[in-house]
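J.: Residue numbering for the sequence shown follows this note's numbering, beginning at 1 and increasing consecutively.
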Amino acid sequence: MTLTKNIYLLSLLCLSMYFTSCDIDQTQEAKLPEVEVEAGQLPSYDVDWADIDVGTTTRTVTVPKIRVVMEEEEITVPYIDVDMPNSGEKEELTLVAEAEVGGESHSLEIQEVVATGTKLIVISELKATGQDLQEERMRVSDRLILNAPDLDVKHYIIGKRPSGSFNQQYSYIGSRSTIDKKISKGKTIYKK
């Protein structure tokens, strides 16, 4: 959690203690006014509030450090133009498969794209290359450009899911045969 969030939560806790951690003793009874126009008397109270100190403290924790070096580079990317019957307008869509890896470097390549009805299934493969990353993490990716009608896209990556929340966006599978039934009636529109 961030320091600001911690202070906010601590302040809420202190406020709740402020309203619930006190001892109230009534020292005088209330007296309602008579029917005649006479002044009434409100009750009075002695209130002992809890003593609360709010501040910050320093702790040593382990936090991940990621060093990312981004360079713009011109590369050759596969381009696929798909014409489907009764599909309407086409638009250019970049299909991207990405993973964040640690321990050792990896390569990630889109192996196949299969069209099934109104869905595209993108099958990629993540392989370790053996180069030691030591304590560093790196992102690997592959992409292709598709000119086609608007379609739903489902990504499958063949390989072991690397740790980290970034890698939750795709489905990882052990082998292509895991999804053979899903793509058996589809049409392969790209194969590496």
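Beta carbons: idealized from backbone N, C-alpha and C, even for Gly.
Let me confirm a value: E125 is counted as buried when at least 16 other C-beta atoms fall within 10 Å, else exposed. Which label applies?
T.: The residue is buried, with at least 16 neighbouring Cβ atoms inside 10 Å.
J.: Scan the stretch 86 to 158 and note each continuous beta strand (DSSP E) run of 3 residues or more that stays entirely inside, going in chain order.
T.: 91 to 116, 119 to 148 and 152 to 158, all fully within the stretch 86 to 158.
J.: Tell me whether the beta-carbon of L95 lies closer than 8 Å to the beta-carbon of I110.
T.: Contact flag set, yes.
J.: Beta-carbon separation of V140 and L108 under 8 Å?
T.: Result yes, Cβ atoms of V140 and L108 sit closer than 8 Å.
J.: Let's see if you can read the secondary structure: which residues bound the beta strand (DSSP E) around K185?
T.: Neither: K185 is in no beta strand (DSSP E) and is coded neither H nor E.
J.: Taking the C-alpha atoms as reference points, what is the distance between T60 and L9?
T.: Going by the C-alpha atoms only, they are around 20 Å apart.
J.: Note the first and the last residue of the continuous beta strand (DSSP E) segment covering S171.
T.: Run containing S171: S171 to I173, per the beta strand (DSSP E) assignment.
J.: Taking the beta carbon of A128 as the centre, do at least 16 other beta carbons fall within 10 Å, making it buried, or is it exposed?
T.: So A128 ends up on the exposed side.
J.: Kindly identify the DSSP beta-bridge partner or partners of Q168.
T.: Per DSSP, none; premise fails for Q168.
J.: Indicate whether the contact test is met: 3 or more Cβ pairs, each with one atom in the stretch 152 to 163 and one in the stretch 174 to 186, closer than 8 Å.
T.: In short, these stretches touch, since the Cβ pair count reaches three.
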